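Working notes, beginning with the structure itself.
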DNA sequence: CAATTAACCTATCAATGATAGGCTATCATT
DNA sequence: AATGATAGCCTATCATTGATAGGTTAATTG
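Chains as they are written, first to last, in the working numbering: chain A, 30 to 248; chain U, 30 to 248.
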């Protein structure tokens, strides 16, 4: 019983210890999502790319949304890593916020699907919990920004929270707009990004000098 | 010509000349979209609300997307009207940008579905042309902001375009974030909005004084 | 070797957008 | 008033898509 066929699915790949199915599925999904957008990819497409039948996906994930969620979650984790590892604690506040901003924008432009799910309400299905998990992962990125605002304001405060949220809104607007209006005649995208981030840096630094000027909090 | 039965569909409503079917469909769709989101409303739901069969929709619109597009297009038209009529040409630049900003944000929060289609890439189907029409209508709102930037900069220029786009990104970010992260613990939404718009006003006014200060462009 | 388990596959659902074809009533023309 | 055209609807039916049911194969375990 040599049985040469049939087993191919598993023994196809020579030696490299064959990536587990679950990972293969996530990889295939990631690539398809990046190419066609989260909502233009069917479970059948994912399955075909992996080389298995469509129902087989459900042996590894409870539903389509879980696949989307996991792909996006992993992406948001890399965002957090990008933001934290890029910050040199010895650099000036201004340098750090600029670095943070550039990394944030770069991530958004390179990980559209995940960014949309986390921060643009791009829903992957009717269920909220999955999206909330992705958003939660994304919010860790906000925490990094918030920490900078705390430092600029010399401690946590109402104003400090407002500052952080305002800067977040501005930089998110940049990413969101670039993603959504790709064919808009931007004067000069790179210049636009740099300029916009510069303005945010100004905003943060203004708060910083205001705080260190009087050198005394009111109370 | 008594003929009391059957004709009800048309003679049901007493005198008010019965709104045409097409309008009824758009009204029903608008309400459902506002309630459940553009992508969570089926053609059957729309039809049921109007009181006709689902295939009958296709006598008035080529497809579902056309219904979405028309609903959103009309909404974006009201945005343009809101922005233009609210601007008192005699008011200060600062007053006008603040008014513009507040109206823009208010519109976005009250017309989520349309705003998402126009500026957040919320696709109503696979077809792009319909979405482009909606975005085009939305871009007229940007033109109003752009005009303010031109005024602040004392004429069109590269910097003026950058200024307008930067302000647009910031205010769009505010709307987009509030729409997408509804459960985020915003310190104080109204304060956040006002503060954010104030900062945009500063940005615009700074460009204005810079221009009128030296009183000479660097040719 | 038997039993368990993991991973698949085929067949099939239900929901959804869309099409085909026929019925009814109004209206213009004779 | 009879006739033909047209508008507007309806029932039946598709194809696509996410998801489930039930059975089969093969590796693991006792």
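Note that beta-carbon positions come from the ideal geometry of N, C-alpha and C, so glycine has one too. None of the values given here were measured: they were computed from a predicted structure.
Taking residue i as the reference, give the member of the options with the closest Cα.
i: residue 133/U; options: 216/U, 202/U, 233/U; result: 202/U
i: residue 164/U; options: 210/A, 204/A, 113/A; result: 210/A
i: residue 53/U; options: 76/U, 71/U, 69/U, 68/U; result: 76/U
i: residue 161/A; options: 116/A, 176/A, 145/A, 174/A; result: 145/A
i: residue 169/A; options: 106/A, 69/A, 82/A; result: 106/A
i: residue 59/A; options: 112/A, 110/A, 101/A, 127/A; result: 101/A
i: residue 178/U; options: 230/U, 68/U, 224/U, 80/U; result: 230/U
i: residue 190/U; options: 78/U, 233/U, 124/U, 238/U; result: 233/U
i: residue 73/A; options: 48/A, 219/A, 63/A, 93/A; result: 93/A
i: residue 157/A; options: 97/A, 196/A, 208/A; result: 97/A
i: residue 213/U; options: 172/A, 69/A, 83/A, 117/A; result: 172/A
i: residue 135/A; options: 236/A, 175/A, 109/A, 195/A; result: 109/A
i: residue 121/A; options: 181/A, 139/A, 149/A; result: 181/A
i: residue 62/U; options: 128/U, 199/U, 151/U, 83/U; result: 151/U
i: residue 90/A; options: 56/A, 51/A, 127/A; result: 51/A
i: residue 67/A; options: 186/A, 114/A, 140/A, 83/A; result: 140/A
i: residue 183/U; options: 119/U, 95/U, 238/U, 69/U; result: 238/U
i: residue 112/U; options: 130/U, 119/U, 215/U; result: 130/U
i: residue 148/U; options: 115/U, 208/U, 226/U, 219/U; result: 208/U
i: residue 138/A; options: 119/A, 228/A, 48/A, 219/A; result: 219/A
i: residue 194/A; options: 206/U, 57/U, 83/U, 142/U; result: 206/U
i: residue 166/U; options: 204/U, 99/U, 176/U, 126/U; result: 99/U
i: residue 143/A; options: 221/A, 81/A, 204/A; result: 204/A
i: residue 187/U; options: 186/A, 224/A, 56/A, 192/A; result: 224/A
Could you spell out where the alpha helix (DSSP H) holding residue i opens and where it closes?
i: residue 97/U; result: 93-115
i: residue 70/A; result: Looking at the DSSP string, residue 70/A is not in any alpha helix (DSSP H), and its letter there is neither H nor E.
i: residue 146/A; result: 141-148
According to DSSP, is residue i helix, strand or coil?
i: residue 231/A; result: helix
i: residue 90/U; result: coil
i: residue 120/A; result: coil
i: residue 75/A; result: helix
i: residue 48/U; result: coil
i: residue 133/A; result: helix
i: residue 157/A; result: coil
i: residue 238/A; result: helix
i: residue 151/U; result: coil
i: residue 85/U; result: helix
i: residue 80/U; result: coil
i: residue 247/U; result: Unreliable placement is indicated for residue 247/U, whose pLDDT of 45 sits below 50; no coordinate value is reported for it.
Considering only heavy atoms of the ligand GTP, does any lie closer than 7 Å to the CB of residue i?
i: residue 142/A; result: For the ligand GTP, the structure offers nothing, since it holds no ligand at all.
Of the residues that make up the region 117-135 of chain A, which ones have a beta carbon closer than 8 Å to any beta carbon in chain U?
none
Can you check the region 162-217 of chain A for any alpha helix (DSSP H) of at least 4 residues that lies completely inside it and give the ranges in chain order?
187-209
Residues within the region 184-201 of chain A neighbouring chain U, beta-carbon criterion of under 8 Å:
187, 190, 191, 194, 195, 197, 198, 199, 200, 201
Output needed in chain order: residues of the region 207-233 of chain A with a Cβ under 7 Å from some Cβ in chain U.
208, 209, 210, 215, 216, 220, 221, 224, 225, 228, 232
Output, in sequence order along the chain, the residues in the region 90-116 of chain A whose CB is closer than 8 Å to any CB in chain U.
none
The region 158-177 of chain A: which residues have C-beta closer than 7 Å to a C-beta of chain U, in chain order?
164
Using a beta-carbon distance cut-off of less than 8 Å, what residues from the region 50-76 of chain A approach chain U?
66, 68, 69
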